[in-house]
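Accompanying notes for the structure given below.
Numbering (the numbering used here), first residue to last: -1 to 460.
Below you can see the structure in the form of structure tokens.
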């Protein structure tokens, strides 16, 4: 029977008792019924549970968890009471060893099934000793709940409904006091939150960053307007909170889902906070990209440095370099490092951070990596790269960039990925162009979520 002629075996709202035997790529539990897959959010591998079909197709369905009948041996009680409603920590109900097992398998499957890779060294995942309170940055929307009370928290999955949560167990403890201070001020002075339907109100989001090495804290309030009335009073209250060295507003009067506005106005202290990756210092402004898990970032970059195998004589290109975090981390072991990033403000930060650390063997370019890299080697045959490092967004690299990298024959390509599916696709492209996957190592940057970073080493085939 063709797939076209198949009937849908289950109906919407039908209730079933199933055993969860696998974990899907998004962290949802999977039950199999005669080859038919049921994806069940909030379930854990090993659960026997009652579910309700929400949407059914010919070969799979999405189901809602109604009740856990027999809990999995891997099931734990989430620390966060709103974990299920919030949806940010999709796998918090699984113990941490099970989370690491899931991520290990996910990366390996994507490298071998999508990437077609084989015969490579697959290193054990690098997990956290304490997988809580690891995020150095959080962005909290502010609004009213259905009872008209001012709340802050996070949007429920695929909605703009705020799930109230001032004490996220992934964030820093100071977040709660900062949010409470801002909401108390708003209530006292009748400062309204932003209403995205009517485009009214003032306070849209509160962005909080904390530097783990220095303890410095930044608060940036995103507003629909040019100022906050009585902001001097709010600043006076916030700056009493230990650690706060920077308070600013981000002006965003656009009808958009983009959080940060184009203009930042400093209200107190510096317009940046200072933090370190190992012994490299960084000045981080409100719009700077900086890895959100500083503890694991050091481990991630150490693995990238290990794979690069630098001796001090190499020319390195760091593509998608951001504010130069990997570039500067590698520069002290390289002859020359070139960094490329499309965001001009990030490149200015990278240059300042290089100067701050007295690193003079770096050069940074603004533009798309695929364009800058290609154009550079059209006219400049000197300084051919020994090592190319790429750390792209989730969509991965453009094919033209991968092909151009391969065409100038660097000895090594170190790929840092936040999405192992697009990594697998790009590994396949590089293997088509004369490279071989030698090593791969997952790094758990985001405990309790389905996300995982991966570092791979690819070498030119002789």
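A virtual CB, placed ideally from N, CA and C, is assigned to each residue, including glycine.
Note that the coordinates shown come from a computational prediction; the quantities given were computed from them, not determined experimentally.
Which partner residues does residue 327 have in the DSSP bridge list? To locate residue 327, count along the chain shown from 1; it is residue 329. Answer is none; residue 327 lacks a bridge partner.
Margin query: For the structure I just gave you, are there three or more beta carbon pairs, one from the stretch 410 to 429 and one from the stretch 58 to 77, closer than 8 Å?
Written below: no
Just to confirm the assignment, what range does the alpha helix (DSSP H) spanning residue 292 have?
Here residue 292 refers to the residue found at position 294 when the chain shown is read from its first residue. Segment 292 to 306, the alpha helix (DSSP H) holding residue 292.
Nearest neighbour of residue 122, chosen from 90, 458, 345 and 453 [CA to CA]:
The residue given as residue 122 occupies position 124 in the chain shown. Nearest option by C-alpha distance: 453.
Short of 8 Å in beta carbon distance, which residues of its chain neighbour residue -1, apart from the five on each side in sequence? Order them along the chain.
Taking the chain shown and counting its residues from 1, one reaches residue -1 at position 1. Any answer about residue -1 is weak, because its pLDDT of 48 lies below 50 and its placement is not dependable; what the coordinates show is given next. Correct list: empty, nothing qualifies.
Query - Best match in 217, 163 and 443 for proximity to residue 271 [C-alpha to C-alpha] - result: Translated into the one-based positions of the chain shown, residue 271 becomes position 273. Residue 271 has its Cα closest to that of 217, out of 217, 163 and 443.
- Nearest-angstrom beta carbon gap, residue 87 and residue 136 [assumed within contact, 8 Å]: By 1-based counting over the chain shown, the position of residue 136 is 138. By 1-based counting over the chain shown, the position of residue 87 is 89. Actually they are not in contact, since the Cβ atoms of residue 136 and residue 87 sit about 13 Å apart, beyond 8 Å.
Could you tell me the boundaries of the beta strand (DSSP E) in which residue 249 lies?
For the purposes of this step, residue 249 is identified with residue 251 of the chain shown, where counting begins at 1. From DSSP, the beta strand (DSSP E) with residue 249 extends over 242 to 249.
inquiry  = Please report the distance separating the alpha-carbon of residue 302 from that of residue 379.
reply    = Taking the first residue of the chain shown as position 1, residue 302 is located at position 304. Taking the first residue of the chain shown as position 1, residue 379 is located at position 381. Approximately 26 Å between the Cα atoms of the pair.
Over what stretch of residues does the beta strand (DSSP E) that includes residue 206 continue unbroken?
For the purposes of this step, residue 206 is identified with residue 208 of the chain shown, where counting begins at 1. Taken as a continuous stretch (DSSP letters only), the beta strand (DSSP E) holding residue 206 covers 201 to 208.
Grab me the residues of residue 493's own chain with a C-beta within less than 6 Å of its C-beta, minus the 5 sequence neighbours each way, in chain order.
Within the shown structure, residues of the chain are numbered from -1 to 460, placing residue 493 beyond reach of any answer.
- prompt: Leaving out the 5 sequence neighbours to the left and right, which residues in its chain are closer than 8 Å to residue 467 when beta-carbon positions are compared?
  reply: Here the chain covers residues -1 to 460 and nothing more, so residue 467 does not appear.
Rounded to the nearest angstrom, what separates residue 145 and residue 181 at their Cα positions? As a first step, residue 145 is located in the chain shown; it is residue number 147 there, counting from the start. As a first step, residue 181 is located in the chain shown; it is residue number 183 there, counting from the start. For residue 145 and residue 181, the distance between alpha carbons rounds to 16 Å.
| said: Which of the three DSSP states is assigned to residue 108 in this structure? | reply: Position 110 of the chain shown, counted from the start, is the residue given in the question as residue 108. Of the three classes helix, strand and coil, the one that applies to residue 108 here is helix, per DSSP.
Could you work out which residue in 84, 186 and 97 is closest to residue 23 when comparing CA atoms only? In the chain shown, the residue the question calls residue 23 occupies position 25. Considering only alpha carbons, the answer is 97.
(message) Please report the distance separating the alpha-carbon of residue 212 from that of residue 275.
(response) As a working note, residue 212 is residue 214 in the chain shown. As a working note, residue 275 is residue 277 in the chain shown. Residue 212 and residue 275: Cα-Cα distance of roughly 11 Å.
Next on the checklist: Let me confirm a value: residue 256 is counted as buried when at least 16 other C-beta atoms fall within 10 Å, else exposed. Which label applies?
Outcome noted: The residue given as residue 256 occupies position 258 in the chain shown. Exposed.
Looking at residue 187 and residue 222, is the spacing between their C-beta atoms short of 7 Å?
-> Your numbering for residue 222 matches position 224 in the chain shown. Your numbering for residue 187 matches position 189 in the chain shown. Not in contact: residue 222 and residue 187 (Cβ atoms no closer than 7 Å).
Since residue 352 sits in a beta bridge, which residues does DSSP pair it with?
Here residue 352 is taken as the residue at index 354 of the chain shown, counted from 1. Looking at the DSSP assignment, residue 352 forms no beta bridge with any residue, so it has no partner.
Helix, strand or coil: which one does DSSP assign to residue 156? Counting from one through the chain shown, the residue named residue 156 turns up at place 158. Coil, per DSSP.
By the DSSP assignment, the alpha helix (DSSP H) with residue 176 in it spans what residues?
Position 178 of the chain shown, counted from the first residue, corresponds to residue 176. Residue 176 -> alpha helix (DSSP H) spans 172 to 186.
Discussion item. By alpha-carbon positions, which one of 101, 350, 34 and 265 ends up nearest to residue 7?
Written reply: By one-based count along the chain shown, residue 7 stands at place 9. Here the closest residue by C-alpha is 34.
Margin query: For a quick check, are the C-beta atoms of residue 161 and residue 152 less than 7 Å apart?
Written below: Mapped onto the chain shown, residue 161 falls at position 163. Mapped onto the chain shown, residue 152 falls at position 154. It is a contact, given that the beta carbons lie within the stated cut-off.
Point to revise | Rounded C-alpha distance that separates residue 399 from residue 340 | key: As a working mapping, residue 399 is identified with position 401 in the chain shown. As a working mapping, residue 340 is identified with position 342 in the chain shown. Using only the alpha carbons, I get a separation of about 14 Å.
key: Through-space distance from residue 344 to residue 126, alpha-carbon basis   = Translated into positions along the chain shown, residue 126 becomes position 128. Translated into positions along the chain shown, residue 344 becomes position 346. Approximately 29 Å, taken between the alpha carbons.
**Message:** Below 8 Å on the Cβ atoms is my contact criterion, and I expect residue 206 with residue 176 to pass it. Report the Cβ-Cβ distance as a whole number of Å.
**Reply:** Locating residue 206 in the chain shown gives position 208, counting from the first residue. Locating residue 176 in the chain shown gives position 178, counting from the first residue. Going by Cβ atoms, the distance from residue 206 to residue 176 rounds to 6 Å, so yes, they are a contact pair.
Quiz item: Is it right to say residue 389 is buried, meaning 16 or more other beta carbons lie within 10 angstroms of its own, or is it exposed?
Solution: Locating residue 389 in the chain shown gives position 391, counting from the first residue. Residue 389 is buried by the Cβ-count criterion.
Handout entry: Cut-off 7 Å between Cβ atoms - residues of its own chain near residue 349, not counting five sequence neighbours on either side
Key = Within the chain shown, the letter at position 351 stands for residue 349. Beyond the five residues adjoining it in sequence on each side, residue 349 comes within less than 7 Å, by CB distance, of 362 in the same chain, given in chain order.
Please state if the CB of residue 410 and the CB of residue 367 are separated by a distance shorter than 7 Å. In the chain shown, the residue the question calls residue 367 occupies position 369. In the chain shown, the residue the question calls residue 410 occupies position 412. For residue 367 and residue 410, no; Cβs fall outside 7 Å.
- [ ] Go through the stretch 372 to 409 residue by residue and report every complete run of the alpha helix (DSSP H) that reaches 4 residues or more, in order.
- [x] 397 to 405
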